[in-house]
Amino acid sequence: MDPHLNQTHVHTANEDILKQANEAIYKQNFELAITNKTLSVLHDLYAITMTSLDVSEVTQRIVDTVVTELNLAAAIISLIDSQAQTLTPVAITRSPQIHKALEMIGKPLNELSISMAFEGNLIINSITGKQRQITGNLLDILNPLVTQDIADQIDEIIGIKTIVIYPLFAGQKPLGALTIGLAKKVDDLSRAEKETLERLIDLVSIAIDRAALHEQVEKANQKLQILDKAKDDFVSLASHELRTPMTAIKSYTWLVANEKEGPISAKAKSHLDKVQKSTDRLISLVNELLDISRIESGRVNLTMEKFPLATLFTEVCDEFTPKAAELTIKLSCPILTNLPVINADREKIHQILENLIGNALKFTPANGSVTFGAVTKSSEVDIFVTDTGSGILPEDLPKLFQKFGRLENSLIASRGPSTGLGLFICKQYVDLHGGRIWTESTIGQGATFTFSLPL
Amino acid sequence: MPKKVLVIEDDAFLRDLYLEVLKAENYTVDTAIDGEEGLQKMTSGGYDLVLLDIMLPKLDGLSILKKLKDSPSAIPNKVVVVLSNLGQDSAIADAISLGAKGYMIKSDYTPDQALKQFKTYMDGSST
Chain A
473 MDPHLNQTHV
483 HTANEDILKQ
493 ANEAIYKQNF
503 ELAITNKTLS
513 VLHDLYAITM
523 TSLDVSEVTQ
533 RIVDTVVTEL
543 NLAAAIISLI
553 DSQAQTLTPV
563 AITRSPQIHK
573 ALEMIGKPLN
583 ELSISMAFEG
593 NLIINSITGK
603 QRQITGNLLD
613 ILNPLVTQDI
623 ADQIDEIIGI
633 KTIVIYPLFA
643 GQKPLGALTI
653 GLAKKVDDLS
663 RAEKETLERL
673 IDLVSIAIDR
683 AALHEQVEKA
693 NQKLQILDKA
703 KDDFVSLASH
713 ELRTPMTAIK
723 SYTWLVANEK
733 EGPISAKAKS
743 HLDKVQKSTD
753 RLISLVNELL
763 DISRIESGRV
773 NLTMEKFPLA
783 TLFTEVCDEF
793 TPKAAELTIK
803 LSCPILTNLP
813 VINADREKIH
823 QILENLIGNA
833 LKFTPANGSV
843 TFGAVTKSSE
853 VDIFVTDTGS
863 GILPEDLPKL
873 FQKFGRLENS
883 LIASRGPSTG
893 LGLFICKQYV
903 DLHGGRIWTE
913 STIGQGATFT
923 FSLPL
Chain B
610 MPKKVLVIED
620 DAFLRDLYLE
630 VLKAENYTVD
640 TAIDGEEGLQ
650 KMTSGGYDLV
660 LLDIMLPKLD
670 GLSILKKLKD
680 SPSAIPNKVV
690 VVLSNLGQDS
700 AIADAISLGA
710 KGYMIKSDYT
720 PDQALKQFKT
730 YMDGSST
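Top to bottom, those sequences are chains A and B.
Going by my numbering, the first residue of the first sequence is number 473, and it counts up by one from there.
Going by my numbering, the first residue of the second sequence is number 610, and it counts up by one from there.
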């Protein structure tokens with residue numbers, strides 16, 4: 473054998489192996505590069521997905537990202553209007569060529585709608601057929617908006633040789649399509665390009681779907697806010713309209729009853745007294761309804777201030793001592809030493825105390841007693857009101873702080889019906905302060921209502 | 610010299626009520642039946658106490674206060690108190706930030722209680 477020949481043979485074989493190895497490495501590098509690129513674009517798109525922009529912003533950013541990162545000539549996102557069943561372009565590459573092309577078509581983007589029923593448009597076909605489409609003919613995607621003539625002219629300007637259409641779906645729901653334009657002529661995309669684009673499509677669909685949902689939620693929210701304000705205004709107005717005549721009744725009755733217009737008989741005074749009490753009940757009811765409306769529309773704001781609990785207790789004591797005396801109930805006011813300074817909405821705490829003591833007086837028989845005070849603990853102060861009424865059944869305890877949770881047997885036990893709103897309002901105010909409110913009771917002996925306030 | 614009070618209240622019954630109650634205490638009382646008249650009288654000024662309703666025809670109480678901020682009264686009014694039956698916290702808060710000293714919910718007060726409050730406001734201003 474010719475040794476020379478052998479060497480050449482081995483040399484060629486080595487070259488082949490080297491060549492194959494090189495090709496393999498090149499291929500791997502290339503694939504790595506694609507993966508890298510894909511990941512990079514995916515990352516950018518993910519960032520877009522996570523922003524809560526509206527649909528037009530999201531789609532424009534997607535179009536810009538995809539074109540830049542993948543070196544495309546152009547891209548369009550078209551979306552379906554499900555009510556009108558039309559397809560409309562919402563975002564397009566903003567290059568001078570595309571700008572010129574749009575000028576030639578002569579209409580703004582949002583007027584370029586096509587009916588989803590039209591079968592002569594490749595983008596629509598792509599969506600209805602749920603399949604990627606490729607074409608070299610611009611008219612395929614512009615039909616029926618322009619003639620072949622105009623399409624050719626546009627073609628000259630933008631120089632796109634291949635158009636690929638990807639339908640966008642959110643689950644089963646068709647959203648629209650992403651249409652890309654390549655400057656080179658291909659019968660099909662390279663495997664690399666296909667892979668990248670296929671991975672992007674899902675993410676693009678998610679981004680658009682999310683933005684659309686966000687817009688819907690925003691609109692619903694705005695509507696709710698308008699309705700809420702309307703309801704609040706109504707309640708406010710209604711209370712104003714109710715309170716005005718009630719003020720007149722209350723005031724003029726008082727003037728006559730207090731003999732400002734001349735002496736009146738004891739009987740007349742007693743009648744007027746009943747008128748006044750009835751009016752006060754009405755006014756209380758309107759006030760409660762207004763409070764509830766405010767609470768429920770989240771319009772309650774606490775005006776926090778630091779004040780000594782002793783001062784508040786003194787006010788409350790002065791307020792209720794005459795009423796208690798009238799009912800021959802002993803009202804025990806607390807000793808005012810060693811009471812803390814609290815940080816709270818003074819008016820609301822006053823209201824809570826008024827409600828609890830008012831209730832206690834209602835549910836306690838003559839010659840009974842009502843006591844109120846506070847127990848200071850390390851991180852909170854517990855303010856309590858105790859009565860010697862008939863008590864509350866264990867199964868009724870949970871109902872107390874619900875709206876209209878008036879107890880069944882309270883018709884008999886109380887001194888006049890109540891609306892069942894007072895305790896509900898108390899609980900809301902206590903909750904707003906970060907405190908708790910609860911009841912303990914022994915049937916036949918009475919009940920204690922306690923609420924805590926953080927110190 | 611007796612103190613001067615201005616009552617800006619569109620409801621006739623309530624306006625008469627405050628007029629009667631204040632006159633019985635020897636105050637000099639002026640009244641206004643709508644926002645425009647109220648603004649006019651507040652601009653002339655010189656009142657020890659102005660009782661200002663918020664819901665008024667022609668010009669509401671808040672707008673009156675805003676306008677007075679831009680064109681203050683000839684002679685200042687010592688104390689302005691919002692007298693309202695309106696339930697809107699925001700309207701009341703706005704009034705305070707526009708210079709009202711305080712507010713009273715009309716339906717909360719009997720005539721004697723209201724008078725007591727008026728005096729407290731007036732006495733507070735003279736210190």
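Backbone N, C-alpha and C define an ideal beta-carbon position, used for all residues, glycine too.
For clarity, every value in this text was computed on a predicted model and none was experimentally measured.
Pull up the distance between the alpha-carbon of Leu566 (chain B) and that of Ile821 (chain A), whole angstroms please. Nothing can be reported for residue 566 (chain B): it is not among the residues displayed for chain B, which extend from 610 to 736.
Within the same chain, show all residues whose beta-carbon is closer than 7 Å to that of Arg766 (chain A), passing over the 5 residues directly before and after it, in chain order. The answer, listed in chain order, is Val772.
Which residues in the same chain have their Cβ closer than 6 Å to the Cβ of Gly711 (chain B), if we skip the five residues on either side of it in sequence? Once the five neighbours on either side are set aside, the close Cβ partners of Gly711 (chain B) are Val690.
Can you pull out the residues from the segment 713 to 733 of chain B whose beta carbon lies closer than 7 Å to at least one beta carbon of chain A? Residues of the segment 713 to 733 of chain B whose Cβ lies closer than 7 Å to any Cβ of chain A, in chain order: Lys715, Ser716, Thr719, Pro720.
Mind checking the segment 673 to 694 of chain B against chain A and listing, in chain order, the residues whose C-beta falls within less than 7 Å of any C-beta there? For the segment 673 to 694 of chain B, which is checked against every Cβ of chain A, the residues closer than 7 Å are Asn694.
Between which residues of its own chain and Ile807 (chain A) is the CB-CB distance below 8 Å, once the five residues before and five after are set aside? Excluding sequence neighbours, Ile807 (chain A) sits near Gly845.
Using only the alpha-carbon positions, how far apart do Thr558 (chain A) and Pro870 (chain A) sit? The alpha-carbon atoms of Thr558 (chain A) and Pro870 (chain A) are separated by roughly 56 Å.
Going by DSSP, what residues sit across from Pro639 (chain A) in a beta bridge? Beta-bridge pairing links Pro639 (chain A) to A:Ala649.
Between Arg887 (chain A) and chain B, is there a C-beta pair that is closer than 7 Å? Unreliable positioning characterises Arg887 (chain A) in this predicted model, as indicated by a pLDDT of 46, which lies under 50. The coordinate reading is nonetheless provided below. With 7 Å as the cut-off, Arg887 (chain A) does not count as an interface residue toward chain B.
Give a yes or no on whether 7 Å exceeds the smallest Cβ distance from Leu661 (chain B) to chain A. Not an interface residue.
Report back the beta-carbon spacing between Val853 (chain A) and Ile814 (chain A) to the nearest angstrom; my notes put them in contact at under 8 Å. At roughly 6 Å, the Cβ-Cβ gap stays under 8 Å, so Val853 (chain A) and Ile814 (chain A) are in contact.
On the DSSP bridge list, what partners appear for Tyr656 (chain B)? According to DSSP, which records beta bridges pairwise, Tyr656 (chain B) is partnered with nothing at all.
Using the Cα positions of Asp657 (chain B) and Lys612 (chain B), report the straight-line distance between them to the nearest angstrom. A straight-line Cα-Cα distance of about 6 Å links Asp657 (chain B) and Lys612 (chain B).
Just to confirm the assignment, what range does the beta strand (DSSP E) spanning Asn593 (chain A) have? Element bounds for Asn593 (chain A): n/a, residue is neither H nor E.
Leaving out five residues on either side along the sequence, give the residues of the same chain with a beta carbon under 8 Å from the beta carbon of Lys632 (chain B). The residues are Val638.
Taking the alpha-carbon of Leu754 (chain A) as reference, which of A:Leu727, A:Leu744, A:Met776, A:Ser711 has the nearest alpha-carbon? Looking at A:Leu727, A:Leu744, A:Met776, A:Ser711, the one whose alpha-carbon comes closest to that of Leu754 (chain A) is A:Ser711.
Beta-carbon separation of Gly653 (chain A) and Ala546 (chain A) under 7 Å? In this structure, Ala546 (chain A) lies closer than 7 Å to Gly653 (chain A) by Cβ.
Secondary structure of Gly888 (chain A), DSSP reduced to three states: Residue confidence for Gly888 (chain A) is low, a pLDDT of 46 falling below 50, so the modelled location carries little weight; the figure read from the coordinates is stated next. Residue state, collapsed to three classes: coil.
Tell me the start and end of each unbroken alpha helix (DSSP H) in the segment 548 to 622 of chain A that is at least 4 residues and wholly inside, in chain order. Fully enclosed alpha helix (DSSP H) runs of 4 or longer: 568 to 577, 594 to 601, 611 to 614.
For the segment 613 to 639 of chain B, which residues have a CB atom closer than 7 Å to at least one CB atom of chain A, in sequence order? So the list reads Asp620, Phe622, Leu623, Leu626, given in the order they occur along the chain.
Cut-off 8 Å between Cβ atoms - residues of its own chain near Glu503 (chain A), not counting five sequence neighbours on either side: Close CB contacts of Glu503 (chain A) within its chain, under the 8 Å cut and outside five residues either way in sequence, are with Ala664 (chain order).
Along the segment 697 to 720 of chain A, what residues have a CB closer than 9 Å to any CB found in chain B? So the list reads Asp704, Asp705, Val707, Ser708, Leu709, Ala710, Ser711, His712, Glu713, Leu714, Arg715, Thr716, Pro717, Met718, Thr719, Ala720, given in the order they occur along the chain.
Leu699 (chain A) versus A:Thr668, A:Ser742, A:Ser769, residue with shortest Cα-Cα distance: Among A:Thr668, A:Ser742, A:Ser769, the Cα nearest to that of Leu699 (chain A) is on A:Ser769.
Can you check whether the C-beta of Ile755 (chain A) is within less than 7 Å of a C-beta belonging to chain B? So, interface residue.
How many Å lie between Val513 (chain A) and Leu675 (chain A) at the Cα? Going by the C-alpha atoms only, they are around 10 Å apart.
If the criterion is Cβ atoms closer than 7 Å, does the pair Leu594 (chain A) and Ile570 (chain A) meet it? Cβ atoms of Leu594 (chain A) and Ile570 (chain A): not closer than 7 Å.
List, in chain order, every chain E residue whose beta-carbon is nearer than 8 Å to that of Asn773 (chain A). Judged by its chain identifiers, the structure shown contains no chain E, and its protein chains are A and B.
Does DSSP put Phe873 (chain A) in a helix, in a strand, or in coil? The three-state secondary structure of Phe873 (chain A), taken from DSSP, is coil.
Cα separation between Leu623 (chain B) and Gln722 (chain B)? Using only the alpha carbons, I get a separation of about 15 Å.
Where does Ala723 (chain B) fall in DSSP's three states? Reduced to three states, the DSSP call for Ala723 (chain B) is helix.
Quick check on Asp859 (chain A): does DSSP put it in helix, strand or coil? Here Asp859 (chain A) sits in strand by DSSP.
Exposure label - Pro794 (chain A); buried when at least 16 CB within 10 Å: Answer is exposed; the Cβ neighbour count stays below 16.
Alpha helix (DSSP H) containing Leu615 (chain B): first to last residue? That residue, Leu615 (chain B), is in no alpha helix (DSSP H); its beta strand (DSSP E) goes 613 to 617.
Less than 7 Å separating the beta-carbons of Thr521 (chain A) and Ile673 (chain A)? Inclusion of Thr521 (chain A) and Ile673 (chain A) in the CB contact set at 7 Å is not warranted, their separation being larger than that value.
In chain order, what residues of the segment 719 to 745 of chain A put their CB closer than 8 Å to some CB of chain B? So the close ones are Thr719, Ala720, Lys722, Ser723, Tyr724, Trp726, Leu727, Asn730, Lys732.
Given that Leu762 (chain A) touches chain B, what residues does it touch there, using C-beta distances under 8 Å? Near Leu762 (chain A) (Cβ distances below 8 Å), the residues of chain B are Gly696.
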